[in-house]
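Working notes, structure below.
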Amino acid sequence: MTSELAERQRALELLRTAFPDYRIVFSKGRWAAVSAGSPPAVWFAETPSSLCGQLFQAQLRSGGTIAPIGGGGAAS
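Each residue of the sequence shown is one higher than the one before, counting from 1 in our numbering.
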């Protein structure tokens, strides 16, 4: 079984891979992302999946892209 810390680290890695234009952190039980814009936009979330959804929507609205996460095949 994966520990909570290992799972959090993996989620952080995947989010940073998928959204390289954002600074993404986990601190004090919350996820946060900051864009590089001026002024920067900031998102907060309770879970990595919620933050992923928010960043996906931001990219969709701004015409941005999402980097491939990798793996090469379908999940089983």
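The C-beta atom is built at its ideal place from N, Cα and C for all residues, glycine as well.
Three-state secondary structure (DSSP) of F19: It is coil, neither helix nor strand.
For A11, collect the residues of the same chain with a Cβ closer than 6 Å to its Cβ; drop the 5 residues on either side in sequence, then sort them by chain order. Scanning its chain for C-beta atoms nearer than 6 Å, with the 5 sequence neighbours on each side dropped, one finds around A11 the residues P48, in chain order.
What is the rounded straight-line gap between the Cα of F19 and the Cα of S3? If you take the alpha carbons of F19 and S3, they lie about 24 Å apart.
Can you grab the Cα-Cα spacing for the pair I66 / S35, in whole Å? If you take the alpha carbons of I66 and S35, they lie about 14 Å apart.
What residues are listed by DSSP as bridge partners for S35? Partner(s): Y22.
7 Å Cβ cutoff met for L79 and A58: The structure shown does not extend to residue 79, since the chain is modelled only from 1 through 76, so no value can be given for it.
Which whole-angstrom value is the C-beta distance of A6 and Y22, which I expect to be below 8 Å? Wrong, their Cβ atoms sit about 22 Å apart, outside the cutoff.
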